[in-house]
Amino acid sequence: MIGLSKLVSSTTKEELAPIHTLSYSTTDINDLQGAYDFSFVDIDTIPSESRTTRTFDFFEEIVDDYDFELIESPEDKKESFILSVSLKDETGNIECGTVTAKPVLSKTGVSFDVSIKEVKGKKGKLKKFIRIFNTPRLLRGWYKSGHVLSDGQIHLITYRDTKFEDFTWVDFNGFDITKEKPLDTDNKLALDKIGKTNSLFCWTKKNWPHNVDLSYLKGTEKHKGWLVCDDGSGEKADFIHVININGEYHISLVHIKASGSGKDTRQISVGAHDIVLNQAIKNIRNLDRTLFLEAVKSKVSATTENLVWEDGTQKNIADFTKFLSSINARVNPHVVIVQPHTRKEYHANSNHLLVRKQLDTLLHNAKYVVASVGASFDIIGSKK
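Below, the structure is given as structure tokens:
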């Protein structure tokens, strides 16, 4: 596991490692208990040399086709992840059954003893899903005991006791916080519909920068500045925003992640933030102005070249790069995370929870790494 000091010293390298808190691997899991969060890793944070085509094609297929929800583990299965698994479907998810995955440690890392309880007729689908447990490095999990499943190992984490109170709370009313990107009628990605659906990408297009309540953007006019959607392979962020405020330029790399749930009862989730924070840290090298300009110029594609707006009017990527080349004033870099899973009310009353301490530690570490390259760090949660 990579320590924070190594992350800070590596911020100029071509590929940045994901965020990890201070921790050590453990071979004693007798105290492992209270699994409360489980997720898949962000595939882009895994070094390319570690990938095999068959494994990662299968991984992407599982991510695209299945949903799951973690169920609280009973006392006799306190170390296990218990997942309610369903197939994604346009008319509503189709239940497949329950998976119980018990971690087992060896000298080479963690493996899983997996059992299933299938819904009638869905055994094959459920058996396909559990093949993902054959590759533990693709999985992330958190325990109330302070343990974390990461990089195919079980780690015991040392958490800070310092609260992170720097959330910006936004009202996402009218938008589906579980829907990250716009989709067409066939449920396929449709970036040309940005601004026309109720996804978080569309929320960004309609509300940036004038209605996001970030301190450095307060008082800005509606749709002021350049907004660029950079979604896709090699992206620097989901959106890039550049604006001139009082003679100084502000460049924001905006990273967006859909909430794991739209319910008003949703609680804090470390996993909901882990992937998007790792994406942000991996890309902070792009805040270097020269590297940023070169990266934008090299990434002109048929799918994103026209996802560019100046003061709300559609432009193209060539217009944006020409504008960037003309900047000759001070540039202030910002990293912004949009993750509406965290609710203001629940967050305010969660100081006593270990999961809050775990999330606070993750956010403090992210803020520290971002600050090491001279940028500000902001995270947007849900006001409701």
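Sequential numbering of the sequence shown, starting at 7, is according to my numbering. Where a beta carbon is used, it is the ideal one built from N, C-alpha and C, also for glycine. None of these values were measured; they are calculated from a predicted model.
Apart from the 5 residues on each side of it in sequence, LEU293 sits with its Cβ closer than 8 Å to the Cβ of ILE257, LEU259, PRO339, VAL341, VAL379, GLY380 and ALA381 in its chain, given in chain order. Taking the Cβ atoms as the reference, ALA41 lies roughly 7 Å from LEU76, within the contact range of under 8 Å. Rounded to whole angstroms, the gap between the alpha carbons of SER117 and VAL234 is 42 Å. Remark: three or more beta-carbon pairs, one from each stretch, lie closer than 8 Å, so the stretch 65-72 and the stretch 136-149 are flagged as touching.
By the C-beta density criterion, PRO80 is exposed, having fewer than 16 other C-beta atoms within 10 angstroms. Annotated as distal: LEU145 and VAL105, with beta-carbon spacing of 9 Å or more. Our two residues, ASN357 and GLY98, have alpha carbons roughly 36 Å apart in a direct line.
LYS185 and GLY268 have their C-alpha atoms spaced approximately 9 Å apart. Taken in chain order, the complete beta strand (DSSP E) segments of 3 residues or longer contained in the stretch 148-204 are 153-156, 159-163 and 173-176. Counting C-beta pairs with one atom in each stretch, the stretch 198-206 and the stretch 160-177 have fewer than three that are closer than 8 Å, which means they do not touch. Between LYS230 and ASP236, the gap from beta carbon to beta carbon reaches 9 Å or more.
Of all alpha-carbon atoms in ALA377, ASN179 and GLY277, the one lying nearest the alpha-carbon of ASN217 is that of ASN179. Among the bridge pairs identified by DSSP, SER45 is matched with ARG146. At a Cβ-Cβ threshold of 9 Å, GLY147 and TYR165 do not count as neighbours. In this structure, LEU111 and ILE35 form a Cβ contact; the two beta carbons are roughly 6 Å apart against a cut-off of 8 Å. When secondary structure is reduced to three states using DSSP, ALA107 falls in the strand class.
Taking 9 Å as the cut-off, the Cβ atoms of SER45 and ILE281 count as close. Under DSSP, ASP270 shares a beta bridge with no residue. Burial check for ALA324: the Cβ neighbour count within 10 Å stays below 16, so the residue is exposed.
Judged by DSSP secondary structure, THR348 falls outside any alpha helix (DSSP H) and instead within the beta strand (DSSP E) spanning 337-349. According to the DSSP assignment, GLU254 belongs to the beta strand (DSSP E) that extends over 254-262.
In terms of Cβ geometry, ASN322 and ASN312 form a close pair [threshold 9 Å]. Straight across, the Cα-Cα distance linking GLN345 with LYS113 is about 37 Å. Judged by DSSP secondary structure, VAL314 falls within the beta strand (DSSP E) whose first and last residues are 314-316.
Shown here, ASP219 sits in coil according to DSSP, grouped into three states, outside any helix or strand.
Annotated three-state conformation of THR97 is coil, per DSSP. If you compare the alpha carbons of ARG362, VAL376, ILE249 and LYS224 with that of LEU330, the shortest gap goes to ILE249. Under DSSP, CYS102 takes part in no beta bridge, so it has no partner. ALA286 and ILE343 have their alpha carbons spaced roughly 8 Å apart.
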